[in-house]
Amino acid sequence: MDLLPYPPMSSPTRLTLNELRRLPAMCRGAYPPRHPRALAHHWLWAKTVLSLDAHLDMQRQLRALGLGRLLREQPQTLRKLHDTYPFQGLGPEARRRWLLGHLQAARTLFGPQLSRRLARGEPLLACRINLPDGQGQMRALLGAARQQHLREGDLTLALYDPFGTKLYALTFSLQPCEHGVEVVIGALQGQMPLPLTRHITKLTEGLRPPALLLYLLQCLAEAVGARRLRACGRERHIHHGSERSELVRFDYDAFWRDYGGQPDGQGFYELPVAAPRREVAEIPSHKRAQYRRRYQFMDEMRQELHGCLAEHGAPLDRAA
1 MDLLPYPPMS SPTRLTLNEL RRLPAMCRGA YPPRHPRALA HHWLWAKTVL SLDAHLDMQR
61 QLRALGLGRL LREQPQTLRK LHDTYPFQGL GPEARRRWLL GHLQAARTLF GPQLSRRLAR
121 GEPLLACRIN LPDGQGQMRA LLGAARQQHL REGDLTLALY DPFGTKLYAL TFSLQPCEHG
181 VEVVIGALQG QMPLPLTRHI TKLTEGLRPP ALLLYLLQCL AEAVGARRLR ACGRERHIHH
241 GSERSELVRF DYDAFWRDYG GQPDGQGFYE LPVAAPRREV AEIPSHKRAQ YRRRYQFMDE
301 MRQELHGCLA EHGAPLDRAA
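Quick note: the sequence shown uses full-length UniProt numbering, first residue 1, plus one each step.
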């Protein structure tokens with residue numbers, strides 16, 4: 001994948017005394033007290049000091065985007081600059097450019113106010129999904145990637161059941177590209193008991209929860225005018241080749257292929273921004289009523305997502 005066209009680091013910026021004093025507390029805040037790597041803030045502080053010019057330039061670029069307080073309010077963002085993020089193969093400078101590119105692209109797609117709310121960690125309701133037969137309402141929330149999703153991207157679209165339990169989460173970033181802005185998926189996480197998966201799939205007209213969540217992300221990308229959608233394959237996942245690789249049990253490559261993904265030869269899959277639909281002639285006659293209900297259900301979700309985005313003040317693409 002080509003790197004984003006974000007400018008490289010500018011000339012060195014002068015360090016102020018206040019910024020120097022804030023560094024230790026900022027690094028401590030990057031790891032919560034009960035985090036398994038809570039003592040890693042010493043390592044993070046050393047890495048930040050050794051790359052001080054890049055850190056200061058990052059602060060300057062954030063101020064230019066109206067996010068000068070981001071690292072103080074969301075100190076865990078520092079970890080992205082010094083660890084694998086958002087996929088295998090990026091060095092420190094490329095990671096810095098990726099993060100800045102995401103913030104710039106989010107500002108382009110969502111507008112200054114909404115992008116600032118997302119960057120500061122405020123979760124937003126993206127879609128209400130009404131289930132039939134009085135089974136309640138599922139929700140999809142959009143927010144900054146946090147905790148276990150932190151290094152797999154910058155935003156997370158998560159699906160919750162009617163009881164508030166998180167079922168699946170898609171973590172992704174936005175990036176400037178040749179024709180506008182693209183969405184790059186870093187991970188899909190979730191694990192459900194088979195009986196629950198079957199129950200929800202039946203209630204959602206045959207859409208399995210991960211497929212439903214991917215469809216919502218496609219609707220989101222289309223609604224705000226994203227021009228491309230890519231997904232990280234298994235070999236580019238942040239845990240590939242590490243001691244945590246055994247934790248990645250999901251077959252990313254097969255899933256992306258099942259939903260129209262085409263490999264690009266660099267470890268990513270190009271997905272359609274608009275979810276494709278089967279023509280009536282392609283559907284067996286005994287299944288046409290089922291597909292008609294499914295597509296109506298999908299259209300209702302799409303309209304609901306558009307309504308939620310409009311309530312939050314997102315500038316929607318009129319052509320979507």
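Ideal Cβ positions, reconstructed from N, Cα and C, are used throughout, including at glycine. All values derive from a computational prediction rather than experimental measurement.
- When the five nearest sequence neighbours on each side are left out, the beta carbons in the same chain lying within less than 8 angstroms of the beta carbon of Q137 are those of R128, I129, N130, L131 and P162, in order along the chain.
- For K166, the enclosing beta strand (DSSP E) stretches over residues K166 to C177.
- For the pair G89 and L78, the Cα-to-Cα distance works out to about 18 angstroms.
- P92 places its beta carbon 7 angstroms or farther from that of G186.
- In the three-state reduction of the DSSP assignment, T48 falls in the helix class, which pools H, G and I.
- Nearest Cα to H82 within the set C27, A106 and R294: C27.
- Looking at G111, D57 and P112, the one whose alpha-carbon comes closest to that of R97 is D57.
- In the structure shown, V181 falls within a strand segment according to DSSP collapsed to helix, strand and coil.
- Around the beta carbon of T48, 16 or more other beta carbons lie within 10 angstroms, which makes this residue buried.
- With fewer than 16 other CB atoms across the displayed protein chains lying within 10 angstroms of its CB, P263 is exposed.
- Note that the stretch 252-268 does not touch the stretch 198-208; fewer than 3 beta-carbon pairs, one per stretch, sit closer than 8 angstroms.
- Looking at D133, L20, Q175 and R60, the one whose alpha-carbon comes closest to that of L155 is Q175.
- F172 places its beta carbon 7 angstroms or farther from that of A314.
- A distance below 7 angstroms between beta-carbons, with the five flanking residues on each side excluded, links W45 to the following residues of its chain, in chain order: L23, P24 and C27.
- Going by beta carbons, V183 and T108 fall outside the 7 angstroms limit.
- Separation of P123 and S285 (C-alpha to C-alpha, rounded to the nearest whole angstrom) is 43 angstroms.
- In this structure H179 is exposed. Its beta-carbon is surrounded by fewer than 16 other beta-carbon atoms within 10 angstroms.
- For Q137, the enclosing beta strand (DSSP E) has its first and last residue at Q137 to A144.
- For A126, no alpha helix (DSSP H) run applies; the uninterrupted beta strand (DSSP E) run containing it begins and ends at L124 to N130, by DSSP.
- Taking every protein chain shown into account, the CB of R151 has 16 or more other CB atoms within 10 angstroms, so this residue is buried.
- Secondary structure of Y291 (DSSP, three-state): helix.
- Taking Y295 as the centre and dropping the five residues before and after it, the same chain places the C-beta of R277 closer than 8 angstroms to its C-beta, in chain order.
- In the DSSP assignment, R230 forms a beta bridge with V184 and E270.
- Annotation: the continuous beta strand (DSSP E) that includes L155 extends over L155 to Y160.
- Within the stretch 38-95, the complete alpha helix (DSSP H) runs of at least 4 residues fall at 41-50, 52-64, 70-73 and 77-82.
- In the three-state reduction of the DSSP assignment, G206 falls in the coil class, being assigned neither a helical nor a strand state.
- The shortest C-alpha to C-alpha distance from A275 to any of L229, L157, E304 and L50 is the one to L229.
- In the three-state scheme derived from DSSP, where H, G and I count as helix and E and B as strand, G190 is classed as strand.
- With respect to Y168, L203 sits apart: the two C-beta atoms are not nearer than 7 angstroms.
- According to the DSSP secondary-structure assignment, P263 is paired through a beta bridge with Y269.
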